[in-house]
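Numbering (this note's numbering), first residue to last: -1 to 344.
By construction, the Cβ of each residue, glycine as well, lies at the ideal position given by its N, Cα and C atoms.
Reading through the structure tokens given below for one structure.
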């Protein structure tokens, strides 16, 4: 009886020890897995820190630039290196030793004297001290933009060369867009339109051709209907077929008459035929004559502006109603005013 009780107690103690050991191993396994996950996270954080540091402080990595370029130009098995890192993390080593082993494997460690030197690629990186020394020497020298670009990009290692001097920007020829000069105005007196007039012979110093007035700025003295044309007609006064040396422009009594162009009043006067009249000299041989006025508001020798009032419409002299008799002259040649003024249409 005693032996059976002792055996049962011993069996319970063994079972308790077994379950305690199993639970302890499970807890240790879980703790190890958490540690390995933490180690992997820290390792990734260190890698991210390295790349971020490279982006913020690129000048600090000049020393290892050539070594990294040589490394990425070789056919290195990064997959195997990462696999070895995983195997190492699964072991009993610390995270620093694991990360250190990975870095040694990727970037290479110190070789023993009896180890065979690795096969070199076309580019052999110099010792770090030599890189630092060459960088200091380069920074102490003045160089062109192309020199700096080629130096820091090391494009020559990949068969790319840059010109010594930056290319000059090509300046495209831009059209100034200057407006073309307008054609020169024909000089005053130049024939612009030759008339095909074939009627009665014209009086002396009268023409049917249109002549240029030069660069003279002009206005219509009175805007009205054309009551009588320039040329031969049956006179409304005596009924005879005779030449009419101007145009008759209809208007209302007292309508203002403006100067055809700027100029100086050459004379004013009154007679039985033209009634009240005046003539303005516009210079360069061009003159304008106004007749049958009811009133003259300027005097001889007065300077007038283009369109300035010089008289009022009337029916003085030989006239059948209020209108302006307008004549145009170039030197001593009488012109057809219809070429130079406007009329109201019927």
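{"query": "Which value, in whole angstroms, describes the spacing of the CA atoms of residue 234 and residue 188?", "result": "34 Å"}
{"query": "With burial defined as no fewer than 16 other Cβ atoms inside 10 Å of the residue's Cβ, what is the status of residue 273: buried or exposed?", "result": "buried"}
{"query": "Given a threshold of 16 other Cβ atoms within 10 Å of its Cβ, counted over all protein chains shown, does residue 342 qualify as buried or as exposed?", "result": "exposed"}
{"query": "With 16 as the cutoff for other CB atoms within 10 Å, does residue 318 come out buried or exposed?", "result": "exposed"}
{"query": "Using 8 Å for Cβ pairs, my map puts residue 314 next to residue 286. What's the rounded Cβ distance?", "result": "The pair is not a contact, with the Cβ atoms about 18 Å apart (cut-off 8 Å)."}
{"query": "Rounded to whole angstroms, what's the CA-CA distance from residue 261 to residue 278? Just pull it up for me.", "result": "6 Å"}
{"query": "Figure out for me which residue from 323, 330 and 203 has the closest Cα to the Cα of residue 339.", "result": "323"}
{"query": "Residue 207 and residue 193 - do their beta-carbons sit closer together than 7 Å?", "result": "yes"}
{"query": "Can you tell which of 230, 226 and 268 has the C-alpha that lies nearest to the C-alpha of residue 249?", "result": "226"}
{"query": "Using a threshold of 7 Å, state whether the C-beta atoms of residue 232 and residue 271 are closer than that.", "result": "no"}
{"query": "Determine which residues share a DSSP beta bridge with residue 340 and list them.", "result": "The partner list for residue 340 (beta bridge, DSSP) is empty, contrary to what the question assumes."}
{"query": "Report the CB separation of residue 302 from residue 311 in whole angstroms; it is logged as a contact under 8 Å.", "result": "Not really, about 17 Å apart at Cβ, beyond 8 Å."}
{"query": "Quick one: residues in its chain with C-beta nearer than 6 Å to the C-beta of residue 201, no 5 flanking neighbours on either side, listed in chain order?", "result": "241"}
{"query": "Is it buried or exposed for residue 330, if we count other Cβ within 10 angstroms and need 16 for buried?", "result": "exposed"}
{"query": "Which residue wins for smallest C-alpha separation from residue 333, given the options 203, 184 and 183?", "result": "203"}
{"query": "Please go through the same chain and pick out, in chain order, the residues whose beta-carbon is closer than 7 Å to the beta-carbon of residue 283, but skip the five residues on each side of it.", "result": "186, 187, 328 and 329"}
{"query": "Residues in the same chain with beta-carbon distance under 6 Å from residue 190, minus the five sequence neighbours each way, listed in chain order, please.", "result": "208 and 210"}
{"query": "Tell me, which residues are paired with residue 310 by DSSP?", "result": "254 and 293"}
{"query": "Mind checking residue 178: buried by the 16 CB within 10 Å criterion, or exposed?", "result": "exposed"}
{"query": "Quick check on the burial criterion: 16 or more other C-beta atoms within 10 angstroms. Buried or exposed for residue 245?", "result": "buried"}
{"query": "For residue 265, which of 223, 326 and 298 has the nearest alpha-carbon?", "result": "298"}
{"query": "Can you grab the Cα-Cα spacing for the pair residue 263 / residue 300, in whole Å?", "result": "5 Å"}
{"query": "Could you tell me the distance, in whole angstroms, from the CA atom of residue 195 to the CA atom of residue 243?", "result": "15 Å"}
{"query": "Have a look at the DSSP bridge pairing and note the partners of residue 345.", "result": "Residue 345 cannot be examined here, being either before or after the span of the chain that is shown, -1 to 344."}
{"query": "If you count every other CB in all the chains shown that lies within 10 Å of the CB of residue 258, and 16 or more means buried, which is it?", "result": "buried"}
{"query": "When we look at the beta-carbon of residue 251 and count the other beta-carbons within 10 Å, is it buried (16 or more) or exposed?", "result": "exposed"}
{"query": "Along the chain, where does the beta strand (DSSP E) that runs through residue 210 open and close?", "result": "Neither: residue 210 is in no beta strand (DSSP E) and is coded neither H nor E."}
{"query": "From residue 320 to residue 289, what distance separates their C-alpha atoms?", "result": "11 Å"}
{"query": "By alpha-carbon positions, which one of 223, 280, 180 and 212 ends up nearest to residue 336?", "result": "223"}
{"query": "By the DSSP assignment, the beta strand (DSSP E) with residue 225 in it spans what residues?", "result": "224 to 226"}
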